[in-house]
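Residues in the sequence shown are numbered from 11 upward in steps of one, following my numbering.
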Amino acid sequence: SMVALCGSSACIISWWNIISPSGNAPIGSPFSRMFEISITPSPQDDPDLTLRVPVRLIAPAVGCPCDFIVSHSGFNATDEAILADDLTQWAMQNRVALAIPGVAPLAESGPDGAAFAEGLNTRLTDTGDVRFTALYVWGLTYIRAATAAIAEAEMFRSGRVGAHGRSRAGIA
């Protein structure tokens, strides 16, 4: 079992590992790392309204630091599914890394998700401030995932960052 190392803005869940479903990674297999980031819609007004969101980073085996894409696809996928995914294959072939936040309906976002969603609704009703909506939080999650990825300077490079999503998991 792994013990998470936590700081004020992130918890490390795993170190960089080669994605190897069979245990025998072919040369050139991508690397992956998992951690959690903190999402706080309004730190000045309500610092206790915080949700921890998992993020998976995937980087090519060679050629990094790389430009990267923040994407919704593949967070909960198995290693086999990640290696077979069209976006992952394209990204690895073109030396582009991926930052994949675990975006989900707020009430399903871990043990604190329901309380976080209720707190958002209360603050939205009290203030009318759109920072207390799920859509704002999803967009904020993508931005936080990008800044966390940039902190991984040996694999991710600041500069051009792509992003894509679908429906409510898209960019706000």
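Note that beta-carbon positions come from the ideal geometry of N, C-alpha and C, so glycine has one too.
- Cα atoms of Y152 and V80: separation of roughly 7 Å, rounded to the nearest angstrom.
- Contact check between the segment 138-152 and the segment 68-79: fewer than three CB pairs, one atom from each, fall below 8 Å, which does not count as touching.
- If you draw a straight line from the Cα of A114 to the Cα of S39, it is about 28 Å long.
- The residue among A173, R170, V140, E162 with its C-alpha nearest the C-alpha of A69 is E162.
- R66 is bridged by DSSP to M44, I110.
- By the Cβ rule, the segment 118-127 does not count as touching the segment 89-108, because fewer than three pairs are nearer than 8 Å.
- Here the alpha carbons of R133 and D56 stand approximately 9 Å from one another.
- For the beta strand (DSSP E) assignment, the uninterrupted runs of no fewer than 3 residues enclosed by the segment 127-174 are, from N- to C-terminal side, 166-173.
- The straight-line gap separating the alpha-carbon atoms of G73 and I160 is approximately 16 Å.
- In the structure shown, the three-state DSSP call for L59 is coil.
- At a Cβ-Cβ threshold of 7 Å, R62 and S48 count as neighbours.
- The C-beta of G129 has 16 or more other C-beta atoms within 10 Å across all chains shown, which makes the residue buried.
- In this structure, the alpha-carbon of R167 lies about 20 Å from that of P64.
- Of the other Cβ atoms in all chains shown, 16 or more fall within 10 Å of the Cβ of T98; this residue is therefore buried.
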